[in-house]
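First comes the structure, then the notes that go with it.
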Amino acid sequence: MSLINRLCLLDKKTFLNGHNFLISTNGTYIMPTQRVIDTPLIGYEYVLIQKLLAYSLRIPLPVTGAIEFNHGITVSLQGEIFQLFDRVTWKQRINKKIMQLPKNIAQDVHEEIFSQRINGYLEKEYFPVHVLPRDAWFVIRHAELDKLINIAIKKKMNPLSSTRISTPLSRFFWLACKNNEAISPLIKKPYKLLSIFEKWASAEGITDRLSGDTLKTALERGSPTSASD
1353 MSLINRLCLL DKKTFLNGHN FLISTNGTYI MPTQRVIDTP LIGYEYVLIQ
1403 KLLAYSLRIP LPVTGAIEFN HGITVSLQGE IFQLFDRVTW KQRINKKIMQ
1453 LPKNIAQDVH EEIFSQRING YLEKEYFPVH VLPRDAWFVI RHAELDKLIN
1503 IAIKKKMNPL SSTRISTPLS RFFWLACKNN EAISPLIKKP YKLLSIFEKW
1553 ASAEGITDRL SGDTLKTALE RGSPTSASD
């Protein structure tokens, strides 16, 4: 790949690192009229969203993102995947890309490129888009928000587990605690007992979250002074 093609077709990082890999596309160029276009998140737009989320959540930016090199931005139209291109003259593209380079490298690239004749210098061509325009926005469709809301509702309606313990089982639990010298003095202080059970659970490799309320309910239900079922 020639220096001019590498400069105009690759993003700055890929160009500076000496890589020549380029995504191949086929078919005709189209100009969609939609103002909101879906994205499959398989191009560099995935990294752009990562960065936007990091800014919004005030967390550190990803070092490289999910994709190390920027080979372009993709969109989805009627089930087909397209890559975004910008139609400008070779002159405009060359000047724009040179301005993005570090000064010491930009000067060398400028001299090498303009030391030779450039065919079609003022003709327009399609070039990959690597950075979205400043007025571009990522939009979450209502349908996707509804999916998230429905997931949350289903979780509330179908809890994963119940903390209710049967009375017979509570009786056994109370007897075990009552006859254990280490914890018997704390049998009426269930919240203090919780830390002991957590240590035992950790030692046995049990990672389930233990509840002080569940412990208290089980001891009260299992106590001989409690009402029977």
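1353 is the number of the first residue of the sequence shown in my numbering; add one for each residue after it.
Idealized CB from N, CA, C, for every residue including glycine.
Discussion item. Are the CB atoms of residue 1373 and residue 1438 within a distance shorter than 7 Å?
Written reply: no
Worksheet entry | Nonlocal neighbours in the same chain, by C-beta distance under 7 Å from residue 1429, ignoring five residues either side | 1384, 1389
Practice prompt. Pick out the complete alpha helix (DSSP H) segments inside the segment 1355 to 1443, 4 residues or longer, and give them in chain order.
Written response: 1355 to 1361, 1364 to 1368, 1397 to 1409
Practice prompt. Note down the Cα distance separating residue 1514 from residue 1559, rounded to an integer number of angstroms.
Written response: Note on residue 1514: pLDDT 49, under 50, position unreliable in the model; no value is reported.
Practice prompt. Identify, in the order they occur along the chain, each residue of the same chain with its Cβ nearer than 8 Å to the Cβ of residue 1355, setting aside the five sequence neighbours on each side.
Written response: 1461, 1464, 1465
Practice prompt. Name the two residues that bound the continuous beta strand (DSSP E) containing residue 1476.
Written response: 1476 to 1480
Fill in: Contact belief for residue 1391 with residue 1426 at Cβ below 8 Å, rounded distance in angstroms
6 Å
Practice prompt. Consult DSSP for residue 1525 and reduce its assignment to one of helix, strand or coil.
Written response: helix
Worksheet item: How many angstroms separate the CA atom of residue 1576 from the CA atom of residue 1543?
Response: 20 Å
Worksheet item: If residue 1538 sits next to residue 1567, beta carbons under 8 Å apart, how far is it from one beta carbon to the other, in whole angstroms?
Response: Not confirmed; about 11 Å, so no contact.
Fill in: Residue range of the unbroken alpha helix (DSSP H) whose run includes residue 1573
1564 to 1574
Worksheet item: Among 1364, 1472, 1503, which one has its Cα closest to the Cα of residue 1457?
Response: 1364
Discussion item. Is it buried or exposed, residue 1445, if we count other Cβ atoms within 10 angstroms and call 16 or more buried?
Written reply: buried
Discussion item. Excluding the 5 residues flanking residue 1548 on each side, which residues of the same chain have their C-beta closer than 7 Å to its C-beta?
Written reply: 1535
Worksheet item: Can you tell which of 1366, 1541, 1450, 1573 has the C-alpha that lies nearest to the C-alpha of residue 1424?
Response: 1366
Discussion item. Checking 7 Å against the spacing of the C-beta atoms, do residue 1406 and residue 1413 come in under that value?
Written reply: yes
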